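First up is the structure itself, then whatever we jot down about it.
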Amino acid sequence: MTVTVSAPCLADLGGLPFLDDGFATRRLLAVTAAVRYADASRRGLTDGMPAARAEDWLSPARAFMLSTASTPMPALPLTTSRSEQLTRTLASVAAVMPPWRMLLALPVRYARLSPAGGAISASSRDWPQHVLLAEEAFATGRELAEQVLHELAHQWLYLIQDTWPLQLPDAATVTLPSGTRDRSPAEVLGAAHVAAMLIRFYQHDHSSWAASRVRALTRYGTSCLDLAGTVSGDLTETGTLIAQRLKEAF
Numbered sequence: 004m005t006v007t008v009s010a011p012c013l014a015d016l017g018g019l020p021f022l023d024d025g026f027a028t029r030r031l032l033a034v035t036a037a038v039r040y041a042d043a044s045r046r047g048l049t050d051g052m053p054a055a056r057a058e059d060w061l062s063p064a065r066a067f068m069l070s071t072a073s074t075p076m077p078a079l080p081l082t083t084s085r086s087e088q089l090t091r092t093l094a095s096v097a098a099v100m101p102p103w104r105m106l107l108a109l110p111v112r113y114a115r116l117s118p119a120g121g122a123i124s125a126s127s128r129d130w131p132q133h134v135l136l137a138e139e140a141f142a143t144g145r146e147l148a149e150q151v152l153h154e155l156a157h158q159w160l161y162l163i164q165d166t167w168p169l170q171l172p173d174a175a176t177v178t179l180p181s182g183t184r185d186r187s188p189a190e191v192l193g194a195a196h197v198a199a200m201l202i203r204f205y206q207h208d209h210s211s212w213a214a215s216r217v218r219a220l221t222r223y224g225t226s227c228l229d230l231a232g233t234v235s236g237d238l239t240e241t242g243t244l245i246a247q248r249l250k251e252a253f
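The sequence shown lines up with residues 4 to 253 when you count with my numbering.
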């Protein structure tokens, strides 16, 4: 099975996940499934699975099986009570943001981040469709919602860049405005994407806390895009289009 993907164009996907309600969620998932099936077939991992079952490759287990990275995943199972808390949080976010329901329903394995090493949550392209949450992420409903949304934004951008890379090979690394070092241009765009989607989420909360958070996220997201501009030569056409769309969000 050969998969041919058209030239990169955000218009083909209707924009960006969480920012554009017309985002073509099903189209991206279909492309992802087909690309993964083709990859698995080349590597002799399909076990005779018919092409019609390509959607099976959207499961976290199969996605992780295809990863060629050697980075260990610091994960332990969530307790039942934490899993139930997570389910309630996702439902509450969906109630506030109905257009995000399909995005929130991405097949993801949620696990406990252990050891946390100071982080509250984590995800990586090395661990596709896996989101790790430290105990601190469950401190409040607001904290859990932000951490889960943060990591889901990354997961959806990972799906895009698995088919349409955002940066050129051997791109330079930079330090994020937060002080995190050795981040790629794609990760800079990912940080700005998270800020933009959280701003949209908090704009539905009219509390003074939310207004303060929106101001902080706006400063951070704008700083990330300024930083992306310094390495714009390392972005692909898709990466450049995403940077342009993110600038519109701020």
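The C-beta atom is built at its ideal place from N, Cα and C for all residues, glycine as well.
Just so it is clear, the structure is predicted and the values come from calculations on it, not from any experiment.
Which residues in the same chain as HIS157 place their Cβ atom closer than 6 Å to its Cβ, once the five residues preceding and following it in sequence are excluded? Taken in chain order, the residues that qualify are SER126 and GLY193.
Excluding the 5 residues flanking LEU230 on each side, which residues of the same chain have their C-beta closer than 8 Å to its C-beta? So the list reads VAL177, LEU179, PRO180 and VAL191, once near-sequence residues are dropped.
Below 8 Å, can you find three or more Cβ-Cβ pairs linking the stretch 109-126 to the stretch 67-87? Cβ pair count under 8 Å is three or more, so yes.
Thinking just about the alpha-carbon of each residue, which of MET68, ALA148 and ARG29 is nearest to the one in ARG85? ARG85 has its Cα closest to that of ALA148, out of MET68, ALA148 and ARG29.
For PHE253 and GLY224, believed in contact at Cβ under 8 Å, the rounded distance: The pair is a contact, with the Cβ atoms about 5 Å apart (cut-off 8 Å).
Counting only the same chain and skipping the five closest in sequence on each side, list residues whose C-beta sits under 8 Å from that of PRO63. Cβ neighbours of PRO63 beyond the five flanking positions: PRO110, VAL111, ARG112, PRO131, GLN132 and HIS133.
In whole angstroms, what separates the C-alpha of ALA214 from that of ASP208? Roughly 8 Å separates the two Cα atoms.
Of all the beta strand (DSSP E) runs that stay within the bounds of the stretch 108-152, which reach a length of 3 or more residues? Runs found: 112-116 and 133-136.
At the level of alpha carbons, what is the spacing between LEU171 and THR243? LEU171 and THR243 have their C-alpha atoms some 11 Å from each other.
Starting from the Cα of SER70, find the closest Cα among ARG128, ASP237, ALA37 and LEU228 and give me that residue. The residue with the shortest Cα to Cα distance from SER70 is ARG128.
Supposed close pair LEU16, LEU31 - CB separation, criterion 8 Å: Between LEU16 and LEU31, the beta carbon gap of about 6 Å places them in contact (Cβ cut-off 8 Å).
Rounded Cβ spacing between SER124 and GLN150 (contact assumed at less than 8 Å): The Cβ separation is near 4 Å, so the contact holds.
Just mark ALA198 as buried or exposed, buried being the case when its beta carbon has 16 or more other beta carbons within 10 Å. Buried, because 16 or more other Cβ atoms sit within 10 Å of the Cβ of ALA198.
In whole angstroms, what separates the C-alpha of LEU169 from that of TRP212? Rounded to the nearest angstrom, the two C-alpha atoms are 34 Å apart.
Selected residue, minimal CA-CA separation from PHE26, among ALA66, TRP103, ALA140 and ALA142: The residue from ALA66, TRP103, ALA140 and ALA142 with its alpha-carbon nearest to that of PHE26 is TRP103.
State the DSSP-derived secondary structure class of ARG186, mapped to helix, strand or coil. The answer is strand: DSSP assigns ARG186 an E or B state.
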